[in-house]
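**Student:** Quick one: the structure is below, and I'll ask about it shortly.
Chains as they are written, first to last, in the working numbering: chain A, 27 to 133; chain B, 27 to 133.
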């Protein structure tokens with residue numbers, strides 16, 4: 027199933043949220059860390075490395091003092107935008123069920 | 027971000043693929059296991075339990091000899107269909123990059 031291929035690249039708990047953060051433009055590591063609720067520094071580093079290898083994002087070192095590192099989506103990474111949009115719509119539509127916990131809601 | 031809420035419910039490696047399998051209709055545990063490449067029996071049991079708690083799926087025990095258990099999407103689970111469709115389209119569009127491994131492809 028094609029959805030398996032997509033999940034092979036985008037699956038896991040954090041990649042979709044990291045891409046959603048970078049859709050707003052180039053960001054520093056610390057900005058992404060603030061954007062993605064609940065992710066640890068160690069996990070973010072690991073996910074960013076994996077996403078770089080998968081060519082979803084590009085990493086640029088800026089030789090300021092001190093040095094800073096910027097992350098941005100590649101053209102390939104930007105193709106994920108429709109997935110993010112539909113997930114956000116689904117998240118908004120089902121916010122009640124998600125945030126109030128499922129047990130309280132009669133379907 | 028609304029996408030975090032969506033990923034809170036749909037995130038992880040397997041839920042999207044399990045929902046994709048159940049979009050084709052009611053299925054036995056063994057059918058789902060065959061559909062979802064790479065998932066272990068133990069992991070499938072755990073994910074199905076979580077999805078039942080989250081009201082994405084419904085579990086029906088059929089009192090045949092031997093007893094059999096069927097899984098199906100709830101109306102809430104079916105609302106995920108547009109997400110699956112977009113992910114499948116993305117998976118097809120990027121199959122080359124995904125299956126041939128990223129290194130070999132010039133962006």
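Heads up, the beta-carbon is just placed ideally off N, CA and C, and yes, glycines get one too.
Just so it is clear, the structure is predicted and the values come from calculations on it, not from any experiment.
Closer than 9 angstroms, Cβ to Cβ, to anything on chain B: give me those residues from the stretch 48–65 of chain A, in chain order.
**Tutor:** 61, 62, 63 and 64
**Student:** My parser needs the beta strand (DSSP E) runs of 3 or more residues fully inside the stretch 35–120 of chain B; what are they?
**Tutor:** 83–88 and 94–99
**Student:** With a threshold of 6 angstroms on Cβ separation, who are the neighbours of residue 77(B) within its own chain once the five nearest residues in sequence on each side are excluded?
**Tutor:** The sequence position of residue 77(B) within the second chain is 51, counting from 1. Closer than 6 angstroms at the Cβ level, and outside the excluded window around residue 77(B), lie 83.
**Student:** Find the residues of chain A that neighbour residue 67(B), judging by a C-beta separation of less than 8 angstroms, and give them in chain order.
**Tutor:** Sequence index remark: in the second chain, residue 67(B) carries index 41 (1-based). Near residue 67(B) there are no residues of chain A at all, since even the closest Cβ is about 18 angstroms away, more than 8 angstroms.
**Student:** At a Cβ cut of 7 angstroms, what residues of the stretch 31–47 of chain B count as close to chain A, listed as they run along the chain?
**Tutor:** 31, 32, 33, 34, 35, 37, 38, 39, 42, 43 and 46
**Student:** Going by DSSP in three states, residue 33(A) sits in which element: helix, strand or coil?
**Tutor:** Sequence index remark: in the first chain, residue 33(A) carries index 7 (1-based). Residue 33(A) falls in the helix class under three-state DSSP.
**Student:** Give every residue of the same chain whose Cβ lies closer than 7 angstroms to the Cβ of residue 35(B), excluding the five residues on either side of it in the sequence, and list them in chain order.
**Tutor:** Residue numbering aside, residue 35(B) sits at position 9 when the second chain is read from its first letter. Closer than 7 angstroms at the Cβ level, and outside the excluded window around residue 35(B), lie 80.
**Student:** According to the neighbour-count rule (16 or more other Cβ atoms, all chains shown, within 10 Å of its Cβ), is residue 64(A) buried or exposed?
**Tutor:** By one-based count along the first chain, residue 64(A) stands at place 38. Residue 64(A) should be labelled exposed.
**Student:** When you compare the stretch 97–117 of chain A with the stretch 40–52 of chain B, are there three or more beta-carbon pairs, one atom per stretch, that lie closer than 8 angstroms?
**Tutor:** They do not touch, by the three-pair rule.
**Student:** Could you check if residue 95(A) is buried or exposed, using at least 16 other CB atoms within 10 Å of its CB as the buried criterion?
**Tutor:** As a first step, residue 95(A) must be located in the first chain, where it is residue number 69. Exposed: under 16 other Cβ atoms inside 10 Å.
**Student:** Less than 8 angstroms between C-beta atoms, sequence neighbours within five positions excluded: which residues of the same chain meet that for residue 66(B)?
**Tutor:** Position 40 of the second chain, counted from the first residue, corresponds to residue 66(B). Once the five neighbours on either side are set aside, residue 66(B) has no close Cβ partner at all.
**Student:** Can you say whether residue 103(B) is buried or exposed, counting buried as having 16 or more other CB atoms within 10 angstroms of its CB?
**Tutor:** Residue mapping note: residue 103(B) aligns to position 77 of the second chain, counting from 1. The residue is buried, with at least 16 neighbouring Cβ atoms inside 10 Å.
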